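Encoded as structure tokens, the structure appears first; notes follow it.
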Amino acid sequence: FRVLVRLKGYPAQSATFDRKTDAKKWAQQTESAIREGRHFKTAEAKKHTLGEMIDRYLRDVLPHRKKGQQKQKSLLEWWKEALGPYALAEVTPALIAECRDQLLNGTTYRGTQRSPATVVRYMAALSVVFNLAVNEWEWLEVSPMAKVKKPKEPRGRVRFLDQEERERLLDACHKSRSRLLYPIVVLAISSGMRQGEILGLTWKDVDFIRRRVVLHETKNDERRAVPVTGLAHELLQELSKVRRIDSHLVFPGNNPEKPVDFRHDWEKALKEAKIEDFRFHDLRHTAASYLAMNGATLAEIAEVLGHKTLQMVKRYAHLSEAHTASVVDRMNEKIFG
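Okay, here's the thing in structure tokens:
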């Protein structure tokens, strides 16, 4: 049964059904939706451009986000430049896929190539805006992003410091002209905190009695308490005795309201320690790897690092296999003798 719904001032709508009852039901629902203005979002999609959609997000939504505003804006500005003049009705999955490939195969203004993970972030940024346009603003029926495949990301690497590398790096950091580099690196290795979490620490976050710091703004937007013991605890105590009275930050920069920029000193320390292919984020992998090799379970590692699931810490599973085997051996010996 073929149904044709015609209402003055609106395009005809048609559909085909196997059963007459389904055809009648669809006709009634469609006619009702058209009269109530719920059926045609194509009018809105033709009225607004992708640039207007992004502008509304940047104006009304992004300022209320706690973090990552500048990064998000930068990603969306790329899309605005690429597809800004297009009406939303003209933005098809094929067009977005073309831009995805352009991101993958093209180069940045620095002349470097974007990784698949970076391209995924570009796509995720636009997807957030499209979802708002569909669900809240009702500018679109469906998001064209839904049908576009994301680039396949390579399996996350696990680069961590061996004992000799760790000793060389810590020695170089200790000798650095920056008095903050050494405690920052020690804290990163001992706690597994992210760079942004460390640099965002204020003295109110540090609990010397309970030997922990409390993170209020994390990647997962959840409050997290992180144990700080041993050398890291001692170094924080030393810093607290000479803390700057003009800043609430544990690691302030020249501007007391902003954290220290230690990038140059960090790179110099790596060079002096003769450590290659190593990023600051790899200190987080180093902490997790040391935990695994010292008997921590994957659940415990996830708890320390602040991961909601075990998926992200499975990369450390092979490092804890020896410990797992010893646990099984002890159990068998106790039961069977």
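In my numbering, the protein residues as written are 21 to 357. From the three backbone atoms N, C-alpha and C, an ideal C-beta is built for every residue, glycine too. The structure presented is a predicted model; accordingly, all values stated were derived computationally and were not measured.
Taking only the alpha-carbon atoms, compute the straight-line gap between glutamate 292 and alanine 192 and give it to the nearest angstrom.
The alpha-carbon separation between glutamate 292 and alanine 192 amounts to approximately 6 Å.
With C-beta atoms as the reference, is valine 234 less than 8 Å away from alanine 245?
Cβ atoms of valine 234 and alanine 245: closer than 8 Å.
Count the other C-beta atoms from every protein chain shown that fall within 10 angstroms of the C-beta of glutamate 187, then say buried if there are 16 or more, exposed otherwise.
Looking at its Cβ environment, which holds fewer than 16 other Cβ atoms inside 10 Å, glutamate 187 is exposed.
Within the chosen definition, does the region 115 to 132 reach the region 159 to 171 through at least 3 CB pairs nearer than 8 Å?
Yes, they touch.
Would you kindly work out how many angstroms separate the C-alpha atoms of methionine 165 and phenylalanine 150, rounded to a whole number?
If I take the Cα positions, the gap works out to 8 Å.
Own chain partners of isoleucine 209 with C-beta closer than 6 Å, once the 5 adjacent residues on each side are dropped
Around isoleucine 209: Leu303, Thr306 and Ala307.
Let me check one thing: in DSSP terms, what residues is arginine 244 bridge-paired to?
Checking the DSSP bridge columns, you'll see arginine 244 partnered with Leu235.
Where do the N-terminal and C-terminal ends of the alpha helix (DSSP H) with alanine 289 fall, by residue?
In the DSSP assignment, alanine 289 falls within the unbroken alpha helix (DSSP H) covering 283 to 292.
Where leucine 269 sits in the DSSP three-state scheme
Strand.
Could you round the C-beta distance between leucine 330 and alanine 319 to whole angstroms and report it? I think they count as a contact, below 8 Å.
Rounded, the Cβ-Cβ distance is 7 Å, consistent with contact.
Beta-carbon proximity of leucine 95 to tyrosine 129, cut-off 8 Å
Contact flag unset, no.
Taking a contact to mean a Cβ-Cβ separation below 8 Å, would you say serine 147 touches valine 154 in this structure?
The Cβ atoms of serine 147 and valine 154 do not sit closer than 8 Å to each other.
Cβ neighbour criterion (16 or more within 10 Å) applied to proline 276
The residue in question, proline 276, is exposed, as its Cβ has fewer than 16 Cβ neighbours within 10 Å.
Can you tell me where the beta strand (DSSP E) holding arginine 22 begins and where it ends?
Element bounds for arginine 22: 22 to 25.
Can you name the start and end residues of the alpha helix (DSSP H) that serine 94 belongs to?
Element bounds for serine 94: 89 to 103.
When we look at the beta-carbon of phenylalanine 271 and count the other beta-carbons within 10 Å, is it buried (16 or more) or exposed?
By the neighbour-count rule (16 or more Cβ atoms within 10 Å), phenylalanine 271 is buried.
Hey, could you find the ends of the beta strand (DSSP E) alanine 192 is sitting in?
DSSP places alanine 192 in no beta strand (DSSP E) but in the uninterrupted alpha helix (DSSP H) bounded by 183 to 194.
Quick check: what's the CA-CA separation for glycine 250 versus glutamate 158?
Looking at the two C-alpha atoms, the distance is approximately 55 Å.
Boundaries (first-last residue) of the alpha helix (DSSP H) holding alanine 307
Per DSSP, alanine 307 belongs to the alpha helix (DSSP H) from 302 to 313.
According to DSSP, is threonine 69 part of a helix, a strand, or is it coil?
Of the three classes helix, strand and coil, the one that applies to threonine 69 here is strand, per DSSP.
Do the CB positions of lysine 167 and alanine 109 come within less than 8 Å of each other?
For lysine 167 and alanine 109, no; Cβs fall outside 8 Å.
Need the endpoints of the alpha helix (DSSP H) that glutamine 122 sits in, please.
Per DSSP, glutamine 122 belongs to the alpha helix (DSSP H) from 113 to 125.
C-beta contact flag for leucine 269 and proline 203 at 8 Å
Taking 8 Å as the cut-off, the beta carbon of leucine 269 is found no closer than this to the beta carbon of proline 203.
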